[in-house]
Every structure is written in structure tokens, then in C-alpha cells.
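As C-alpha cells, the structure follows; a few thoughts come after it.
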Ligand code: THU
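Numbering (the numbering used here), first residue to last: 208 to 355.
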């Protein structure tokens with residue numbers, strides 16, 4: 208679990224990224240701040256699209272920015288969301304974003320920090336949010352016809 212100063216810093220960045228969201232369709236802004244193992248932080252916001260399905264969530268924006276810059280080890284992500292860009296009830300990551308986290312993070316040791324303001328958050332491990340999730344560890348090749 209990151210220390211309190213780090214959690215505060217991530218929350219601050221997630222809240223501030225809500226202002227960058229491109230949300231002409233839902234008017235629901237989400238900001239994220241992803242802490243890498245080496246201490247660097249990648250931020251993200253949701254980016255919507257007139258065709259709807261190309262929309263990307265804030266969490267995946269942050270992950271894909273980080274991975275595309277060569278980062279593959281992560282400690283925690285802070286998430287803030289709300290209509291009209293005002294942080295509201297704790298925003299929990301969608302199922303697709305949880306699956307993307309599962310690809311790159313140790314579920315027992317990756318912390319999802321959901322916040323609705325500078326002094327309030329709920330923290331869960333990825334394992335708590337995606338119990339028995341399917342990830343790279345499940346893809347170990349077994350001998351043909353072999354039993355697991
Ligand atoms: N959204 C996120 O960015 N992250 C989440 O965890 C939940 C949903 C976005 C997608 C869409 O732009 C808007 O919030 C409403 O669903």
C-alpha cells in the first residue's frame with residue numbers, strides 16, 4: 208500500500224485530470240493517476256467519441272500511456288469521477304478496465320484508490336475488485352492433452 212503522502216498526491220492528480228475529460232456525450236468526467244513501481248505517475252482522462260464504442264476510460268488512458276512509454280510494473284491507481292466535472296460518489300473502475308489492470312498488475316498487491324474529494328477515498332486491491340480474475344498467469348502453456 209502506498210504511503211499517505213503518495214495516496215494524497217495521486218488523488219490530487221486524478222481529481223485534476225477530470226478537467227481534461229472529453230465528455231460531450233455523457234457529461235461524466237473521470238480522471239485517473241497511475242503510480243508505476245519506479246515512482247513515476249501517468250495520468251489519464253476519459254475520451255468519448257461520436258460513434259460511442261471507441262470511447263476510452265480514464266484508467267485505460269493512463270495504463271496505455273504508461274505501457275507505451277515502456278512501463279509494465281504498477282503499484283496503484285487513483286480514480287475520481289462525476290457529472291459536470293464535479294467529483295461525486297466514489298467511481299469504481301468498469302469491468303474492461305479491471306481486466307486491463309489484471310494484465311499488468313499483481314491482483315493481491317495493486318491498489319485501486321477511489322476518491323470523491325481530497326479528503327475521502329476507499330481503497331481496494333485489484334483482487335477484491337476482480338476475484339478469480341483471468342490473467343497472463345492463466346495462460347501458461349500445458350503439454351498437449353495434459354491435465355492441470
Ligand atoms: N468511465 C471511465 O472513464 N472510467 C470508469 O471507470 C467508468 C466509466 C467513463 C466512460 C464514459 O466516458 C463515461 O465515464 C460514462 O460511462
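For every residue, glycine included, the Cβ atom is placed at its ideal position computed from N, Cα and C.
Note that the structure is predicted; figures quoted are calculated from it, not measured.
- In the three-state scheme derived from DSSP, where H, G and I count as helix and E and B as strand, residue 329 is classed as strand.
- Counting along the chain, residue 282 sits inside the beta strand (DSSP E) bounded by residues 281 to 290.
- Of 280, 292, 228, the smallest CA-CA separation from residue 310 is found for 280.
- Within the same chain, Cβ atoms closer than 7 Å to the Cβ of residue 256 are found at 262, the five residues on either side in sequence being excluded.
- Comparing alpha-carbon positions, the option among 276, 227, 235, 244 lying closest to residue 208 turns out to be 244.
- Annotation for residue 217: the continuous alpha helix (DSSP H) segment containing it runs 211 to 224.
- Annotated three-state conformation of residue 265 is helix, per DSSP.
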